[in-house]
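Reviewing the structure listed below.
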C-alpha cells in the first residue's frame, strides 16, 4: 500500500531550467494538492485539483503550472526555475467524507535552484 | 483571511515530563482542525481531526482538545520517539474548493533521555 508517491526525491536545477514533479496516489482519492514548505513559513498551497481534468490556484501559484490528466496523478511544472523556488515540495490527496477531508502526504521533493 | 499560530516554536522536554502545545486560530467558520506529525525529511503524518469545541481525541501519549479559539496537543510522559515537529491546520467552512487547509508553522519537539 504505497499511498502518495512523489518523484524525484531530490533535484538540483540551474536558474531558467524547467522540470516536472510527479505525484501518484493509489487510494482513488478525488482531491490532490501541491504544497511548498519553507523554514518559518509553514506549508503553503500552490495548486490543487478537485477531480480528474480540473485544477485551481492556491495561495502561491505564480511560477508553477499543474495538470491532472489521470485521477491518480498530479503533475507540478516549473517552466523557468528561479532561486526563490528552492524549497521542499509536498503532494497530498484526500477524499470527501460528507464535507470533511483528511489529507495524506507524500515524502516530499527537495528542490534546489542555483 | 484564515490564520493559524502555533506556540512555542520549539520545546525541549525530559523523558516523562508532560507538556502542551498550543494552536490558536482565526477562521471563517471552522469545519475542522487537524494535527499532523512531521519527522525530519518526511511528509506530514495525520494524527487527529477535531470538529467542534469541547471535542477531545487521544492516541497513545497524545491528547488533542479544541475550544472556539484554540487547540491544545497534550503530551503525557513523552518518550524520545515523540520527538518531531507537530503541525496544526484548519479547514474553513466554505463551500467548493475542495479541502483547503491553512497550516501553522509548527512546534519542534525534542524529548531527551
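Protein chains in written order, with my numbering: chain Z, 10 to 123; chain H, 355 to 467.
Glycine included, each C-beta is placed from N, C-alpha and C at the ideal position.
Cutoff 8 Å: residue i Cβ touching any chain B Cβ
i: residue 83 of chain Z; result: In the structure shown, chain B cannot be found, because the protein chains are Z and H.
Cβ neighbour criterion (16 or more within 10 Å) applied to residue i
i: residue 123 of chain Z; result: exposed
i: residue 108 of chain Z; result: exposed
i: residue 19 of chain Z; result: exposed
i: residue 372 of chain H; result: exposed
i: residue 15 of chain Z; result: buried
For residue i, the nearest candidate out of the options (CA to CA)
i: residue 54 of chain Z; options: Z:68, Z:61, Z:48, Z:60; result: Z:68
i: residue 399 of chain H; options: Z:120, Z:12, Z:89; result: Z:12
i: residue 40 of chain Z; options: Z:14, Z:104, Z:99; result: Z:104
i: residue 114 of chain Z; options: H:391, H:381, H:374, H:376; result: H:391
i: residue 419 of chain H; options: H:366, H:388, H:380; result: H:388
i: residue 366 of chain H; options: H:437, H:428, H:397; result: H:437
i: residue 47 of chain Z; options: H:467, H:466, H:457; result: H:457
i: residue 60 of chain Z; options: Z:45, Z:70, Z:83, Z:51; result: Z:83
i: residue 32 of chain Z; options: Z:80, Z:52, Z:66; result: Z:80
i: residue 56 of chain Z; options: Z:106, Z:98, Z:120, Z:111; result: Z:98
i: residue 30 of chain Z; options: Z:110, Z:24, Z:44; result: Z:44
Host beta strand (DSSP E) of residue i (start-end)
i: residue 367 of chain H; result: 364-368
i: residue 418 of chain H; result: 416-420
i: residue 86 of chain Z; result: 82-87
i: residue 112 of chain Z; result: No beta strand (DSSP E) contains residue 112 of chain Z, which DSSP labels as neither H nor E.
i: residue 11 of chain Z; result: Note, residue 11 of chain Z: premise wrong, no beta strand (DSSP E); not H, not E.
i: residue 412 of chain H; result: 410-413
- Which residues, in order along the stretch 389-405 of chain H, keep a beta-carbon less than 9 Å from a beta-carbon of chain Z? 390, 392, 395, 396, 397, 398, 399, 400, 403, 405
Handout entry: Any beta strand (DSSP E) of 3 or more consecutive residues that is wholly inside the stretch 14-50 of chain Z
Key = 19-22, 28-34, 40-47
Taking any Cβ of chain H, which residues in the stretch 95-107 of chain Z have a Cβ under 7 Å from it, in chain order? 99, 103
May I ask you to list, following chain order, the residues of the stretch 15-44 of chain Z that have a beta carbon less than 7 Å from some beta carbon of chain H? 40
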